[in-house]
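Chemist: Numbering (my numbering), first residue to last: 984 to 1049.
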């Protein structure tokens, strides 16, 4: 829940916030952890940033789940 309010503000300003694989953050599934790599951006280049982060993580640690 630490990220819920900042995410709302970022989204309202036109930004984007997700896991590096593009999955939206989930706040109601019983697991409060947001494990993996999270990306916050100004919005327009969010998909590109996610792809680059996922590729970088795969190169650094092939077993790491984004």
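Here a beta-carbon is modelled for each residue, glycine too, at the ideal position from N, C-alpha and C.
Just curious, the beta strand (DSSP E) that residue 1018 is in, first and last residue?
Modeler: Residue 1018 -> no beta strand (DSSP E), and no H or E assigned at all.
Chemist: On the CB-based measure, 16 or more other CB atoms within 10 Å of its CB, does residue 990 come out buried or exposed?
Modeler: buried
Chemist: Quick one, are the C-beta atoms of residue 1022 and residue 1032 less than 7 Å apart?
Modeler: A Cβ-Cβ contact shorter than 7 Å links residue 1022 with residue 1032.
Chemist: Out of 985, 993, 1004, which has the shortest C-alpha to C-alpha gap to residue 1040?
Modeler: 1004
Chemist: Within a Cβ cutoff of 6 Å, which residues of the same chain sit near residue 1000, ignoring the five residues on either side of it in sequence?
Modeler: 990, 993, 1023
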